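Report on the structure given below.
Numbering (full-length UniProt numbering), first residue to last: 1 to 530.
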């Protein structure tokens, strides 16, 4: 064994990158059984727990120098490769007191998703403030131009595809993998010439690389994506779900907390997220049935919630779709909000959520797998974040009571204009049933009222909070109750079905009621059918 036990090495793998590893002890007979060319056993820092045979005389092996003064220029560059920086960090942390190398100008400190978020922040401020922010970023060596963001995104996708392709070629050559924890071995001889070193893995192993906001592990065609960090979760809590200016969730949900999130960049991924039991102490009687866990789709640009999920479509006789699985169970995602042509600019949309409460109950962690059933060349099918949020379902009745409670406010706060000498039908145009709580939006141009619970259920089901008659915004804060009409309906409930329409009158005068005419039916003949 030319290298002593515990020596740190650089090993060139099939993806073309030099990965840090350390020399481990293994029985000589076991090592020789893998092949006469192997004389050393190593463990990679990005793949702890798995041992690999190594030919130390290969050109793909070199000694790793921890001291900065002992490194040459070529080795210094190896410490700054973005693909291996996580493994290098683990090496330096293990060797306490080891100096870390400063990043070079070629290293990319931010992922494409982070740079897009920076760009959206710059675009949202005034031109003077934007210029100051851009100059500050340039001084730090960060280029957030759209062209550079696209370049970084292409580089990230290319890096992922190279790792995936290298895994496929390795498995085809049936190279060797040693698992120290099981003490088992697998060996095969390759008939084709191999590179200086093939760091092979079986179909159940993976490779970790740096992924911007978290490590990425390749697992066959699936990528294990670590959840976003705590700083990103804080942004989601404060700027998205806790922001009163953002209308993200249906008003029937009361936001409690963000449990976790994962970034999607057009590839099939798998991750692990916490459930409410991991972040909240479960009461003795258990969590209330009204507490729900939802999956929320957000775009990577400004965390926009109106884009929704990727809807399936056909392309070149292939079905392209995005499927979600929680703990192995398929999740049915709701349809995205549908808006008629010409109404998109005035539409008030909430995000379509997937309720996974029953799938994660009783567990502290749950697995989320996002699978794309097809791929399109040079196209990102869906890019954004899937966020697990903890909410409380308030229900239609409670929301309706809160809206009606505005009755106790002063007339100036009711936002109800006094409209007189107009006719209002006593039947809801949505349900064709008699009105009980007549409402309309403050921006409605019509005076016809709609049943409150009916419109709340309609908007919650479609995730579009606009008046179904005129498309004026109809959020709970803009809904106005016609209290005079409601009082008359409450006191004349048994006769409502006989009303044709009601005429609004000035305050202090009774409403004018126009009753339906009872026109007797004339029966000419009666025939008996046997």
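The beta carbon of each residue, even a glycine, is placed where N, CA and C say it ideally should be. Computed from a predicted structure; not experimentally measured.
Taking three-plus beta-carbon pairs below 8 Å as touching, is the segment 73-89 in contact with the segment 260-268?
no
Outcome for residue 161 when other beta-carbon atoms lying within 10 angstroms are tallied against a minimum of 16:
Residue placement at residue 161 is poorly supported in this model, since its pLDDT is 47, which falls under 50; the coordinates still yield a value, given next. The residue is exposed, with fewer than 16 neighbouring Cβ atoms inside 10 Å.
Using a Cβ-Cβ cut-off of 7 Å (strictly less than) and excluding sequence neighbours within five positions of residue 274, which residues of its own chain qualify?
259, 260, 364 and 365
Between which two residues does the alpha helix (DSSP H) harbouring residue 93 extend?
85-94
Below 7 Å CB to CB, which residues in the same chain sit around residue 304 once its five sequence neighbours on both sides are set aside?
298
Residues in the same chain with beta-carbon distance under 6 Å from residue 65, minus the five sequence neighbours each way, listed in chain order, please.
71
For residue 125, decide whether its Cβ has a neighbour in chain B, counting only Cβ atoms nearer than 7 Å.
Although the question refers to chain B, the structure presented lacks it and comprises just one protein chain.
Residue 497, buried or exposed, once every other Cβ within 10 Å from all chains shown has been counted against 16
exposed
First and last residue of the uninterrupted alpha helix (DSSP H) at residue 135
127-139
Mapping the DSSP letters down to three states, classify residue 239 as helix, strand or coil.
helix
Less than 7 Å between C-beta atoms, sequence neighbours within five positions excluded: which residues of the same chain meet that for residue 510?
none
Kindly indicate which residue of 405, 2, 25 and 394 has the alpha-carbon position closest to the one of residue 479.
405
Measuring alpha carbon to alpha carbon, tell me which of 293, 228, 276 and 119 ends up nearest residue 249.
293
Under three-state DSSP, which class holds residue 459?
helix
Using 10 angstroms around the beta-carbon of residue 6, count the other beta-carbons present and answer buried if the total reaches 16, otherwise exposed.
exposed
Taking only the alpha-carbon atoms, compute the straight-line gap between residue 450 and residue 252 and give it to the nearest angstrom.
19 Å
Please report how far the alpha carbon of residue 28 lies from the alpha carbon of residue 49, in whole angstroms.
19 Å
Give the range of the beta strand (DSSP E) segment to which residue 263 is assigned.
253-265
Contact set for residue 367: own chain, Cβ-Cβ below 6 Å, skip 5 residues either direction:
272 and 327
Pull up the distance between the alpha-carbon of residue 93 and that of residue 87, whole angstroms please.
10 Å
Since I believe residue 447 is in contact with residue 485 (beta carbons under 8 Å), could you give me their beta-carbon distance rounded to a whole number of angstroms?
About 10 Å separates the two Cβ atoms, so there is no contact after all.
Using 10 angstroms around the beta-carbon of residue 128, count the other beta-carbons present and answer buried if the total reaches 16, otherwise exposed.
exposed
As assigned by DSSP and simplified to three states, the class of residue 448:
coil
What would DSSP say about residue 74, mapped onto helix, strand or coil?
helix
Residue 495, DSSP secondary structure in three states:
helix
Segment contact flag, the segment 304-313 with the segment 342-358, C-beta cutoff 8 Å, min 3 pairs
yes
In whole angstroms, what separates the C-alpha of residue 67 from that of residue 287?
54 Å
Which residue wins for smallest C-alpha separation from residue 331, given the options 343, 316 and 371?
371
Taking one C-beta from the segment 310-323 and one from the segment 429-447 each time, how about it: are there three or more such pairs within less than 8 Å?
no
Taking the Cβ atom as the reference point for each residue, do residue 536 and residue 37 lie within a distance shorter than 7 Å?
Lying outside 1 to 530, the shown extent of the chain, residue 536 is not represented and no answer is given.
Less than 7 Å separating the beta-carbons of residue 454 and residue 430?
yes
Less than 7 Å separating the beta-carbons of residue 337 and residue 463?
yes
Backbone CA spacing between residue 33 and residue 117 [nearest angstrom]
53 Å
How big is the Cα-Cα spacing for residue 290 and residue 256?
12 Å
Going along the chain, which residues of its own chain have a beta-carbon closer than 8 Å to the beta-carbon of residue 227, five neighbours each way excluded?
214, 260, 261, 262, 271, 272 and 273
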